[in-house]
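Chains as they are written, first to last, in this note's numbering: chain A, 1464 to 1564; chain B, 1440 to 1903.
Here you go:
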């Protein structure tokens, strides 16, 4: 198979998986889901590390380091804020039972 | 690039699977937190891998940069108040898009003819142009979104004469420069393309009204995902491709879900203001007569009701009154009333935002009812208490074609026997249109700061 076609195949299949996997989400979880997905695309950090680590030119390295900082903010901030949100969903379960009746 | 070792490819495959599991976990309440942690773990592993198999240069500066970003991101995420979370997500999304655009610019250097590699295929160059342009759009758009939600600029649509022309020119410029980049790759084309993307991103979000901004956040999130996917193709990295595509696809789907919940099309939200018809109403304050009452009167209504439905809105969270509200509901439940919270899909600033805010106040999950589940109950409700919400109970959505929110499914608060609005003033809601329900005979208004009124109301109910 042509190389580009292999990539295209992975892309198309991932589109379907992406939609399928979240199609049953309740609107309650829309915000954490958006935030979690947001954190996942912080994986561009990997790309930033790769290009910076293979650059030889001072300007390119500087730009690359900026990209690393930005991507790390996206990734770490995204996962932490999502966890903070979800923590509230789980912590609430115990007192909920006492108050309910 | 030299061939990637098999073990690295296998680790990347495992990470890609973990991202799928993470999204899957995030869509169920019980598995959400684990899902998020699985995603975070996979991201850390994937980013650590290149340090072990590649002979990377500048390792120390890179590690320092990672540390700086990690601290900034973690501190920002820890400090942010839950009410301000939507703009925080927008900001995180924007920097991700910016990073992707920069990565693509750097990779363009390697793709240029004479950079020591075989000539890049046009397909790779298309992906590079896409990443630079859309990444820049996402960055600039997210920054404007942040400014709008944070109150650094007006949240009303910003439209100026000729905006549509400039907008069109930006789009044509973006496509033209991308074509130029593919036909004869040059560094300056990539940089100009990025700059045009920044301008275009600003133009894209400026005309969007405050109430529609969440849709834009979600859309830009999907954009960034696709950008990362394209970047993965350019960098020959399968994790980026899969993770980016997953986010792009699920983000687009989520955007459509949200738009549907508001009864609007995405095109209408983005381009409604460009076509001349504003997406928002005038926002004038009306002087028509309304019925207002004190906390004691409302306490009596609530205290002797059998069925009470609470409609919470963003105003509740802004006033930090959700804890007091929960106490009030507890007291009412003890007095034998059946109390539920009716959660509109777009209550708060994003779908599900209100659930997060109420969860923070430890409101039991079972009391939170989604719109479709509770809309049939309103006609049996003795009292509906609307706290800091407005547009989501505005009957204009059903009765007034031409209203900006026309067609949006609303909570049927107007069917209840009594409606109590807790409001700071007569100012209209986020969509800027008047709410006819405020002037109905069975509607009572309790004016004041939500937290203050809520404590007075709580004390009055306790005193009954």
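Heads up, the beta-carbon is just placed ideally off N, CA and C, and yes, glycines get one too.
query                                                                                                                            : result
Chain A contact for residue 1633 of chain B (CB, 8 Å cutoff)                                                                     : no
Proximity test, Cβ basis, 8 Å: residue 1721 of chain B and chain A                                                               : Low local confidence applies: a pLDDT of 46 at residue 1721 of chain B is under 50, so the model's placement there is unreliable, with the coordinate-based value given in what follows. Chain A, which has no Cβ nearer than 8 Å to the Cβ of residue 1721 of chain B, makes this no.
Where residue 1717 of chain B sits in the DSSP three-state scheme                                                                : Here residue 1717 of chain B scores only 43 on pLDDT, less than 50, and its place in the model is too uncertain to base an answer on.
Limits of the unbroken beta strand (DSSP E) element including residue 1761 of chain B                                            : That residue, residue 1761 of chain B, is in no beta strand (DSSP E); its alpha helix (DSSP H) goes 1761-1773.
Exposed unless 16 or more other CB atoms sit within 10 angstroms - verdict on residue 1636 of chain B                            : buried
Meets three-Cβ-pair contact criterion under 8 Å: the segment 1532-1547 of chain B and the segment 1577-1586 of chain B           : yes
Limits of the beta strand (DSSP E) - the one that residue 1746 of chain B falls within                                           : 1746-1751
CA nearest to the CA of residue 1479 of chain B, picked from A:1537, A:1467, A:1466 and A:1468                                   : A:1537
Residue 1773 of chain B, buried or exposed, once every other Cβ within 10 Å from all chains shown has been counted against 16    : exposed
The segment 1791-1809 of chain B touching the segment 1608-1620 of chain B, judged by at least three CB pairs closer than 8 Å    : no
Contact set between the segment 1696-1710 of chain B and chain A, restricted to residues whose Cβ is under 8 Å from the partner  : 1696, 1697 and 1700
Whether residue 1588 of chain B touches residue 1526 of chain B by CB criterion (8 Å)                                            : yes
Chain A within 8 Å of residue 1461 of chain B, Cβ atoms only                                                                     : yes
Candidates B:1856, B:1576, B:1702 and B:1653, of which the one nearest residue 1840 of chain B by Cα                             : B:1702
Boundaries (first-last residue) of the alpha helix (DSSP H) holding residue 1526 of chain B                                      : 1524-1550
Whole-angstrom distance between residue 1901 of chain B and residue 1770 of chain B, CA atom to CA atom                          : 7 Å
Where residue 1722 of chain B falls: helix, strand or coil (DSSP)                                                                : Below a pLDDT of 50, predicted positions are generally treated as unreliable, and residue 1722 of chain B, at 47, falls in that range; the measurement from the model is reported next regardless. Residue 1722 of chain B falls in the coil class under three-state DSSP.
Beta-carbon proximity of residue 1750 of chain B to residue 1826 of chain B, cut-off 8 Å                                         : yes
Beta strand (DSSP E) segments (min. 3 residues) lying fully within the segment 1519-1544 of chain A                              : none
Contact set between residue 1602 of chain B and chain A, taken where Cβ atoms lie within less than 9 Å                           : The premise fails here: residue 1602 of chain B is roughly 28 Å from chain A at the closest Cβ pair, so nothing lies under 9 Å.
With 16 other Cβ atoms within 10 Å as the buried cut-off, status of residue 1498 of chain B                                      : exposed
Stretch-stretch touch, CB-based, cutoff 8 Å, three pairs: the segment 1467-1479 of chain A with the segment 1492-1510 of chain B : no
Cβ pair residue 1535 of chain A, residue 1508 of chain A closer than 8 Å                                                         : yes
Residue 1685 of chain B: contacting residues in chain A (beta-carbon distance under 8 Å)                                         : 1477, 1480, 1481, 1484, 1500 and 1503
Beta carbon proximity, residue 1472 of chain A to chain B, threshold 8 Å                                                         : no
DSSP-derived helix/strand/coil call for residue 1886 of chain B                                                                  : strand
Contact set between the segment 1535-1555 of chain A and chain B, restricted to residues whose Cβ is under 8 Å from the partner  : 1535, 1536, 1537, 1538, 1539, 1540, 1541, 1542, 1543, 1544, 1545, 1546, 1547, 1548, 1549, 1550, 1551, 1552, 1553, 1554 and 1555
Contact under 8 Å by Cβ, residue 1693 of chain B with residue 1493 of chain A                                                    : yes
Near-chain A residues of the segment 1667-1684 of chain B (beta-carbon distance less than 8 Å), N- to C-terminal order           : 1667, 1668, 1670, 1671, 1672, 1674, 1676, 1677, 1678, 1679, 1680, 1681, 1682, 1683 and 1684
CB contact flag (residue 1471 of chain B, residue 1552 of chain A, <8 Å)                                                         : yes
Counted within 10 angstroms of its Cβ, other Cβ atoms place residue 1799 of chain B as buried (16 or more) or exposed            : buried
Where residue 1880 of chain B sits in the DSSP three-state scheme                                                                : coil
Residue-level contact to chain A via CB, residue 1748 of chain B, 8 Å cutoff                                                     : no
Residues that residue 1511 of chain A contacts on chain B, provided the C-beta gap is smaller than 8 Å                           : 1538, 1541 and 1542
Near-chain B residues of the segment 1523-1535 of chain A - C-beta to any C-beta below 7 Å                                       : 1523, 1524, 1526, 1527, 1528, 1529, 1530, 1531, 1532, 1533, 1534 and 1535
Rounded distance between the beta-carbons of residue 1742 of chain B and residue 1897 of chain B, thought under 8 Å              : Going by Cβ atoms, the distance from residue 1897 of chain B to residue 1742 of chain B rounds to 11 Å, so no, they are not a contact pair.
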